[in-house]
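> So the sequence lines, in the order shown, correspond to chains S and G. Residue 91 in our numbering sits at position 91 of the first sequence, and the numbers go up by one each step. Basically our numbering = 1-based index in the second sequence + 1000.
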Amino acid sequence: MTGKTRGLNGGLGIVSRRKFVAGASALALGAGVAPFISRRAMAAGEVKVLNWQGYGTDEKWALEIFKKATGLDVVHDYYNSESEMITKLQTNPGTYDVIVTNSAWNDRASDLGVIQPIDTAQISHYGDLNPAFRDSPLLEADGKVYGVSWVWGITAIGYSTEVFKEAPKSLETLWDAKLAKRVSLRDDAIEAVSFGAIATGQDMNHPKDLAKVKEKLLALKPNIAMLWSSEDEWNKSFQAKTFDISVYWSGSALRSKNNFKLPVGFVVPEEGAVGWFDGLAIGKDAPNAEGAHKFIDFMIDPTFYVEWATKIGAPASANNAAMAAMPEGDDKTLYSDQAAIKRLQFMAPLTDEERQAYSDLWTEVKTEFAK
Amino acid sequence: MTPTTRTRWAILTLTGPAYLWLACTIFLPLLAMLALSFLDKSPLVPKPASFTLDNYGAYFSKGFYWPLTLWSIQLGFWVTFFCLLIGYPAAYALAKRIKGRWREAIFLLIVLPFWSNALVRIFSWTMVLRSNGIVDMSVQAMFPGAPSIDLLYSYPAVIIGLTHSYLPYMILTCYIALQAIDDSLMEAGRSLGATAFTTFRRVVLPLSLPGIISGAALIFVPVIGSFMEPRILGGTKGATLGMNIEEQFTVTANWPLGSALSFILLAIVLIIFGILYPFLRKQGGEA
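Pasting the structure below:
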């Protein structure tokens, strides 16, 4: 009998474990509150940055230069998704000075009142920024600037130069019957819907006819070899020849080609592709707003950008002067192709309802893929 | 002080902290999650949230949740089945046949995967299973000209990866149950004329059933909620409800829907165990 009791306990124990997993997520809600105890303690001598990890602002050599120039230390906190960024800003008001915000999220952050207007007069390189990004309505709210455009990139088509002797021109190539099981997409609802919308000639951000988008994506089923979720996975699968053509990111494509020596080509198809850009924003009630302006100015400085892009690898700069200062190369060619840039549709903020609708649509499509 | 009150005090002081801890860390957040699942928007949105059943309604009104749920449950059964198929004989050999230092060494090998990060384990499987991977290359080396084997991004790959991840639970729980069986019971069975198989079926199996049940529970529950392994190993073939739940937290930021789906999954688990438990208890009770 004792053995049986043990079995029962084991059974109940795991139910509790499951509950704990659900509970842990809820705990995360509260956990964000803890750091504000020390928020203003060291504010004067430091700038607190919220960003993705390993994304420019935390380059050690750069922070040493910044410290020498301004005497300010830069401290980092990281997020793993944009919704996490918003959560962190909401649960720790007055903690962060500089926040890296995607163009599609800046509006939402200003709407929620977690970032504050920026005094562009304090930013010496502001005039050099490409007006296409600098003056984007996505970075403004009620006539005030809430974000300084920083870097940008393209999500378009990466393909194997061994299989395609010439760069594929049309997005329709993905649906080519000859490419059965040779195509990959990223496992991302918004990206998938965006390309479905572009392929059906609709506004990428707010497609009117979602049924058409769904139908188009479902038609891709025989061609889909895999869905990728990280750059590393993309590279490994590409190397193993799991697919020949895929929706891919410009910066990653350049890294795959130059750092990993993979035969990757990158093209913006004639129907268009997805453009994105990241801005730098200042947190509401930032403990060191002055330092935040200085740090933003440093981040868009051509000297920093050229060093970052050439030594480490970076997306394109939104600063024209920085792009001009870049040595000739693949990236400069790609990011200076004005005709291709004109074909891009830039990611705009989505409402919760749209986000949910896209997620549901993508789940439905994936469910069909899995059958 | 009478002995009974002393015992009562001892029980209270010894178990009290643990229950308090459990109440704070499990039930409070869980209740918050349960409350969240009835709201129409996440409480972080600075607009008043109101009560709704839509999150639960969504599960029944949207057609794709049902196949996802079925696949998750199916996956749970397959992985539990294979863990039992591989784990039980291994546990039996460990408990009854292997002794001394060998046993320790083999135990170490079984527990070893636990010491590595789950993500690392899954990614190492991708190297093994893909075409030009380790399985493919060794088959090619042995049988030149054999068709190339590409298991990655298939349903079997998900089962292989998950079975590997959860196998130790089955081995350990079965081992504990089997080791507790007195060898003389088996000898008695044999001396009374039962064949080895009958002894196993009538004596060993019923006595070790509690181990099998707890092993199965430990495996089945996390597997039907799994999302990482199906995504990485299954590609398009690895669609589960767990993946959709994760998406509600990371992509759509629709925490209420995510928690409603989690509670539906929890309810399904409880129903399945509710159905199976009386049956298993009857089986165990015969011993």
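In this text, a Cβ means the ideal position worked out from N, Cα and C, and glycines have one as well.
Can you tell me the Cα-Cα spacing of residue 1220 (chain G) and residue 1077 (chain G), whole angstroms?
On the second sequence, residue 1220 (chain G) is found 220 positions in, with the first residue counted as 1. On the second sequence, residue 1077 (chain G) is found 77 positions in, with the first residue counted as 1. Between residue 1220 (chain G) and residue 1077 (chain G), the C-alpha separation is close to 7 Å.
> My assumption, with CB atoms under 8 Å, is that residue 347 (chain S) sits in contact with residue 104 (chain S). Please give the rounded CB distance.
Your numbering for residue 347 (chain S) matches position 347 in the first sequence. Your numbering for residue 104 (chain S) matches position 104 in the first sequence. With a Cβ gap of about 4 Å, residue 347 (chain S) and residue 104 (chain S) count as contacting.
> From the beta carbon of residue 366 (chain S), is the nearest beta carbon of chain G less than 7 Å away?
By 1-based counting over the first sequence, the position of residue 366 (chain S) is 366. Closer than 7 Å: yes.
> Considering residue 76 (chain S), what are the terminal residues of the beta strand (DSSP E) in which it resides?
Position 76 of the first sequence, counting from 1, holds the residue named residue 76 (chain S). First-last of the beta strand (DSSP E) with residue 76 (chain S): 73-78.
> With which residues is residue 140 (chain S) paired in a DSSP beta bridge?
Within the first sequence, the letter at position 140 stands for residue 140 (chain S). Per DSSP, S:145.
> What does residue 1064 (chain G) touch in chain S if you count any residue whose Cβ is under 8 Å from its own?
Against the second sequence, residue 1064 (chain G) aligns to sequence position 64. Result: 360, 363, 364 and 367.
> Closer than 7 Å by C-beta to residue 260 (chain S): which residues in its own chain qualify, once you throw out the five before and the five after it? Chain order, please.
Taking the first sequence and counting its residues from 1, the one referred to as residue 260 (chain S) is at position 260. Contacts found: 235.
> If distances are taken between C-alpha atoms only, which option among S:122, S:126, S:140 and S:118 comes closest to residue 111 (chain S)?
Residue 111 (chain S) sits at position 111 when you count from the first residue of the first sequence. Ranking the options by Cα distance to residue 111 (chain S), first place goes to S:140.
> Under 7 Å, Cβ to Cβ, is there at least one residue of chain S near residue 1202 (chain G)?
Within the second sequence, the letter at position 202 stands for residue 1202 (chain G). Answer no: the Cβ-Cβ gap between residue 1202 (chain G) and chain S never drops below 7 Å.
> Looking only at C-alpha atoms, which of S:313, S:321 and S:247 sits nearest to residue 330 (chain S)?
As a first step, residue 330 (chain S) is located in the first sequence; it is residue number 330 there, counting from the start. Comparing Cα-Cα distances from residue 330 (chain S) to each of S:313, S:321 and S:247, the minimum goes to S:313.
> Closest to residue 74 (chain S) by C-alpha separation, out of S:276, S:49, S:55 and S:94, would be which residue?
Your numbering for residue 74 (chain S) matches position 74 in the first sequence. Among S:276, S:49, S:55 and S:94, the Cα nearest to that of residue 74 (chain S) is on S:49.
> List the residues of chain G that residue 356 (chain S) touches, going by C-beta distances under 8 Å, in chain order.
For the purposes of this step, residue 356 (chain S) is identified with residue 356 of the first sequence, where counting begins at 1. Residues of chain G passing the Cβ test: 1252, 1254 and 1257.
> Can you tell me which of the three DSSP states residue 1014 (chain G) falls into?
As a working mapping, residue 1014 (chain G) is identified with position 14 in the second sequence. Helix, per DSSP.
> List, in chain order, every chain S residue whose beta-carbon is nearer than 8 Å to that of residue 1247 (chain G).
The residue labelled residue 1247 (chain G) in the question sits at position 247 within the second sequence. Within chain S, the residues near residue 1247 (chain G) are 189, 359 and 363.
> Pull out every residue of the segment 202-229 of chain S whose Cβ sits closer than 7 Å to any Cβ of chain G, in chain order.
Hits within the stretch, in order: 224, 226, 227 and 229.
> How long is the line joining the alpha carbons of residue 1226 (chain G) and residue 1148 (chain G), rounded to whole angstroms?
As a working note, residue 1226 (chain G) is residue 226 in the second sequence. As a working note, residue 1148 (chain G) is residue 148 in the second sequence. Roughly 29 Å between the two C-alpha positions.
> Examine chain S for any beta-carbon lying closer than 7 Å to the beta-carbon of residue 1286 (chain G), and answer yes or no.
Here residue 1286 (chain G) corresponds to residue number 286 of the second sequence, with the count starting at 1. Confidence in residue 1286 (chain G) is poor, its pLDDT being 46 and thus under 50, which makes the residue's placement unreliable; the coordinate value appears in the next sentence. No, residue 1286 (chain G) does not count as interfacial toward chain S.
> Within 10 angstroms of its Cβ, does residue 155 (chain S) collect 16 or more other Cβ (buried), or is it exposed?
Taking the first sequence and counting its residues from 1, the one referred to as residue 155 (chain S) is at position 155. Classification for residue 155 (chain S): buried.
> Here's a check: name, in chain order, each residue in its chain whose Cβ is nearer than 6 Å to the Cβ of residue 1258 (chain G), leaving out the five neighbours to either side.
Here residue 1258 (chain G) refers to the residue found at position 258 when the second sequence is read from its first residue. Within the same chain, residue 1258 (chain G) has close Cβ partners 1245, 1248 and 1249.
> Give the secondary structure of residue 1155 (chain G) by DSSP, where H, G and I count as helix, E and B as strand, and everything else as coil.
Locating residue 1155 (chain G) in the second sequence gives position 155, where the first residue counts as 1. It is helical.
> Work out the CA separation of residue 97 (chain S) and residue 286 (chain S) for me, nearest whole Å.
In the first sequence, residue 286 (chain S) corresponds to position 286, counting from 1. In the first sequence, residue 97 (chain S) corresponds to position 97, counting from 1. Distance between the alpha carbons of residue 286 (chain S) and residue 97 (chain S) is about 5 Å.
> Per DSSP, residue 158 (chain S) is paired with what?
Counting from one through the first sequence, the residue named residue 158 (chain S) turns up at place 158. Paired residues: S:246 and S:266.
> Skipping 5 residues on each side, what residues in its chain have a beta carbon closer than 8 Å to that of residue 52 (chain S)?
The residue given as residue 52 (chain S) occupies position 52 in the first sequence. Once the five neighbours on either side are set aside, the close Cβ partners of residue 52 (chain S) are 78, 79, 80 and 100.
> Counting only C-beta atoms, is residue 1236 (chain G) closer than 7 Å to chain S at any point?
Sequence index remark: in the second sequence, residue 1236 (chain G) carries index 236 (1-based). Interface residue, yes.
> CA-CA distance, residue 1189 (chain G) and residue 1199 (chain G)?
Position 189 of the second sequence, counted from the start, is the residue given in the question as residue 1189 (chain G). Position 199 of the second sequence, counted from the start, is the residue given in the question as residue 1199 (chain G). Their backbone Cα atoms lie some 6 Å apart in a straight line.
> Using only the alpha-carbon positions, how far apart do residue 1130 (chain G) and residue 1152 (chain G) sit?
Indexing the second sequence from 1 puts residue 1130 (chain G) at position 130. Indexing the second sequence from 1 puts residue 1152 (chain G) at position 152. Those two C-alpha atoms are separated by around 5 Å.
> For the alpha helix (DSSP H) containing residue 194 (chain S), list its first residue and its last residue.
One-based indexing of the first sequence puts residue 194 (chain S) at position 194. Residues 189-199.
> Against chain G, with Cβ distances strictly below 7 Å, would residue 141 (chain S) count as a contact?
Here residue 141 (chain S) refers to the residue found at position 141 of the first sequence. False, the Cβ-Cβ gap to chain G never drops below 7 Å.
> With a Cβ-Cβ cutoff of 7 Å, do residue 1171 (chain G) and residue 1087 (chain G) count as a contact?
The count along the second sequence starts at 1 and reaches residue 1171 (chain G) at position 171. The count along the second sequence starts at 1 and reaches residue 1087 (chain G) at position 87. Yes; because the gap between Cβ atoms is below 7 Å, this pair is in contact.
> Taking Cβ positions only, does residue 1067 (chain G) come closer than 7 Å to chain B?
No chain B appears in this structure, whose protein chains are S and G.
> Mind pulling the chain G residues with CB within less than 7 Å of residue 240 (chain S)?
Counted from its first residue, the first sequence places residue 240 (chain S) at position 240. Those are 1130, 1131 and 1132, listed as they occur along chain G.
> Since residue 1091 (chain G) sits in a beta bridge, which residues does DSSP pair it with?
Sequence index remark: in the second sequence, residue 1091 (chain G) carries index 91 (1-based). Note: residue 1091 (chain G) sits in no beta bridge, so no partner.
> Using the three-state DSSP reduction, which class does residue 186 (chain S) fall into: helix, strand or coil?
Taking the first sequence and counting its residues from 1, one reaches residue 186 (chain S) at position 186. DSSP places residue 186 (chain S) in strand when its eight states are reduced to three.
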